[in-house]
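Asker:
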Amino acid sequence: MFKKIIIIVAVAVIAVAFWWLVFFQERGLEKYFSPLPPVQNTNINKDEKLSGNYSWGTAAGPNQEQYKNAVWQAIAASTLAGFPPTVHAVENHTDHCGGMAGASYLRREGCMCLTGVWVEITKNGQIEKIDTETKLKGVLFPIDSAQKAVSLMVLTTRDLQINHGIPAGHTLAVDGGYLVQVVENNTCGCSVHQPAGAIYKVTASGAVTPVAAEIVPPSDDPEVCVD
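Dropping the structure here:
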């Protein structure tokens, strides 16, 4: 009799556990109990050749074919990863349409209604507003890592595809600096607004130059005007 009771209790426990597991997954409650994963790109440490057909400008130099066939590094860190570990950096922006005033910003997002973006850094208890490219270069200089090149280029370039703070794109170390490939949303104006890749060269001194643009096949979608 005692053994039967133990068996019945064991079956009941298994049944309750199974029901809870199903309920747990269906309701999405795991987010309240599981530790949140770190914000990172799923392509972390992923090396790959660059996809897409690009038109290269003269600023790319004579090694265009090498760049096409090279193995690029997927961007896996946030736009702020290039800042020194001794400072705490936070990206801020104005309220809706607040970027239309005469203040300085690293970039302005939006079309006719502009939002101003800047970075605040804290070092030794002192807060500094980084709202110009010159100030940003002063913090990041020299541009001696892919993370610094990404931070400089992305923080000063508008309308890029950024997911959870991580830019979509790749980097490649080259002579004199880095190539940074990103995805431009092409949000504004009258077009079909197809996202397209773009490649910039970032030198050790902080010069940022566009060197290639993705050739996007024509789309049958209608043009839409976004102001």
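Here numbering that gives the first Met the number 0 is used: the first residue of the sequence shown is 0, the next is one more, and so on.
We put the CB at the ideal spot given by N, CA and C, even for glycine.
All of these numbers come straight from a predicted model, not from anything done at the bench.
1) Does the beta-carbon of residue 140 have 16 or more other beta-carbons within 10 angstroms, so that it is buried, or is it exposed?
2) Exposed or buried, residue 34, counting other C-beta atoms within 10 Å across all chains shown (16 or more means buried)?
3) Of the residues 155, 154 and 211, which one's Cα is nearest the Cα of residue 63?
4) Quick one: grab the DSSP three-state call for residue 137.
5) Under DSSP, the beta strand (DSSP E) around residue 211 begins and ends at which residues?
6) Kindly indicate which three-state DSSP category residue 72 falls into: helix, strand or coil?
7) Quick check on residue 179: buried or exposed, where buried means 16 or more other Cβ atoms within 10 Å of its Cβ?
8) How far does the alpha helix (DSSP H) with residue 149 in it extend, from its first residue to its last?
9) According to the neighbour-count rule (16 or more other Cβ atoms, all chains shown, within 10 Å of its Cβ), is residue 204 buried or exposed?
10) Sorted by chain position, which residues of the same chain lie with C-beta nearer than 8 Å to residue 25's C-beta, five sequence neighbours on each side aside?
Answerer: In this structure, then:
1) The residue you call residue 140 lines up with position 141 of the sequence shown. It counts as exposed.
2) Translated into the one-based positions of the sequence shown, residue 34 becomes position 35. Low confidence applies here, because residue 34 scores a pLDDT of 35, under 50, leaving its location unreliable; read the following figure in that light. Its Cβ having fewer than 16 others within 10 Å, residue 34 is exposed.
3) For the purposes of this step, residue 63 is taken as residue 64 along the sequence shown, with counting starting at 1. Residue 211 holds the alpha-carbon nearest to the alpha-carbon of residue 63 among 155, 154 and 211.
4) Locating residue 137 in the sequence shown gives position 138, where the first residue counts as 1. Three-state DSSP puts residue 137 in a helix.
5) In the sequence shown, residue 211 corresponds to position 212, counting from 1. Looking at the DSSP string, the run of the beta strand (DSSP E) that includes residue 211 is 207 to 213.
6) The residue given as residue 72 occupies position 73 in the sequence shown. Reduced to three states, the DSSP call for residue 72 is strand.
7) Taking the sequence shown and counting its residues from 1, the one referred to as residue 179 is at position 180. Per the 10 Å Cβ criterion, buried.
8) Here residue 149 corresponds to residue number 150 of the sequence shown, with the count starting at 1. It spans 145 to 154 - the alpha helix (DSSP H) in which residue 149 sits, taken as one unbroken run.
9) By one-based count along the sequence shown, residue 204 stands at place 205. Flag for residue 204 reads exposed.
10) Taking the first residue of the sequence shown as 1, we reach residue 25 at position 26. Here the model assigns residue 25 a pLDDT of 39, short of 50, so the residue's position is not dependable, and the following value carries that caveat. Nothing listed; no residue qualifies.
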